[in-house]
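In what follows, a structure is listed as structure tokens, so that the remarks can point back to it.
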Amino acid sequence: MSGHPVRVGYAQALHYLLFGVRALQFRRARPGLGARRGPVFGVPGQSVALTIDDGPHPEWTPRMLDLLGRHRIRATFFLIGARVRERPDLARDVLAAGHVLGNHSMSHPQPFAALPAPRVRVEIAAGQREIEEATGLRPRLFRAPGGNWSRDVLRATAESGLTPVDWTVNPSDWRSPGVDRITRSLCRGRAGHVLLCHDGGGDRSQTVAALETALPRLLDRGLRFVIPGGGR
0 MSGHPVRVGY
10 AQALHYLLFG
20 VRALQFRRAR
30 PGLGARRGPV
40 FGVPGQSVAL
50 TIDDGPHPEW
60 TPRMLDLLGR
70 HRIRATFFLI
80 GARVRERPDL
90 ARDVLAAGHV
100 LGNHSMSHPQ
110 PFAALPAPRV
120 RVEIAAGQRE
130 IEEATGLRPR
140 LFRAPGGNWS
150 RDVLRATAES
160 GLTPVDWTVN
170 PSDWRSPGVD
180 RITRSLCRGR
190 AGHVLLCHDG
200 GGDRSQTVAA
210 LETALPRLLD
220 RGLRFVIPGG
230 GR
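Quick note, the sequence shown lines up with residues 0 to 231 if you use numbering that gives the first Met the number 0.
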């Protein structure tokens, strides 16, 4: 994405800073639930949250829904507005299966924090509109593309009445690093963590295969799956 060099540099600096913040949250006994206007990194109780980004996708979203249904796990799907416009039926399927819909912007531009503030507001508002028109439900949660937050992004999120949600465990499944590596990363999740996975943006067969193993292991440890940020 092209943009003003100062904004791009600022966004890149924030991107690397957030790596450190997430690492700190991961090591904490209890990840932060989110400041008044800061992103949510954790969930309360003996629980974890599974969040799934970048869909809906005609192949991987149905497979993800089947997997979650078999394990009776409720997840949060952060949807891209442009992909909802292409397949509104899949967004409705996610909702009908009992999962929560979150806004992941209209077109997933990156680095998100490098966008001018008016463009950030447009991306969030357009994503909201597409999801609401497809499902009749207005999302209450927002995740910045790439987890790229800034004061402008957080301000626009708050102005839209949305709760910003980040993550604690990132298996980098979007890189397709191998099923074993994704599985190990997810299984490192513990009470309070927010897990990040993807059902869009590429071949997600490794993600589905890893979750087939990781989800039963997490359940066997007594963890329950909840929605971050009090989403409904």
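For every residue, glycine included, the Cβ atom is placed at its ideal position computed from N, Cα and C.
Helix, strand or coil at residue i according to DSSP, with G and I counted as helix
i: Ser204; result: helix
i: Asp198; result: coil
i: His56; result: coil
i: Phe18; result: helix
i: Val83; result: helix
Member of the options whose CA lies at the smallest distance from the CA of residue i
i: Val7; options: Ser149, Ala213, Leu214 and Gly229; result: Ser149
i: Ala124; options: Ser204, Ala81, Arg203 and Arg71; result: Ala81
i: Val121; options: Asp151, Asp179 and Arg139; result: Asp151
i: Gln109; options: Asn102, His14 and Leu214; result: His14
i: Gln24; options: Arg220, Val83, Pro163 and Phe40; result: Phe40
i: Arg223; options: Glu211, Ser204, Val193 and Arg203; result: Val193
i: Ile181; options: Ala74, Thr156, Arg154 and Leu210; result: Leu210
i: Arg139; options: Gly200, Gln127, Asp202 and Ala90; result: Gln127
i: Phe111; options: Ala90, Ala96, Phe141 and Gly177; result: Phe141
i: Trp166; options: Arg69, Gly228, Thr206 and Ala10; result: Gly228
Cβ-based burial, residue i [other Cβ within 10 Å; buried from 16]
i: Val5; result: exposed
i: Pro57; result: exposed
i: Ser1; result: Because the pLDDT of Ser1 is 48, which lies under 50, any placement of that residue in the model is unreliable, and the question is left without a value.
i: Ala113; result: buried
i: Pro117; result: exposed
i: Asp88; result: exposed
i: Leu49; result: buried
i: Arg21; result: buried
i: Pro215; result: exposed
Residue span of the alpha helix (DSSP H) that contains residue i, given as start and end
i: Leu185; result: Val178 to Cys186
i: Thr156; result: Arg150 to Glu158
i: Thr134; result: Ala116 to Thr134
7 Å CB neighbourhood of residue i in its chain, flanking five on each side removed
i: Arg187; result: Val168
6 Å CB neighbourhood of residue i in its chain, flanking five on each side removed
i: Glu132; result: none
i: Asp198; result: Ile51, Gly54, His56, Trp59, Thr60 and Met63
Own chain, CB closer than 8 Å to residue i, minus 5 neighbours either side, in chain order
i: Leu136; result: Leu94, Leu100 and Ile130
Element boundaries [beta strand (DSSP E), containing residue i]
i: Phe76; result: Thr75 to Leu78
i: Gly101; result: Val99 to Asn102
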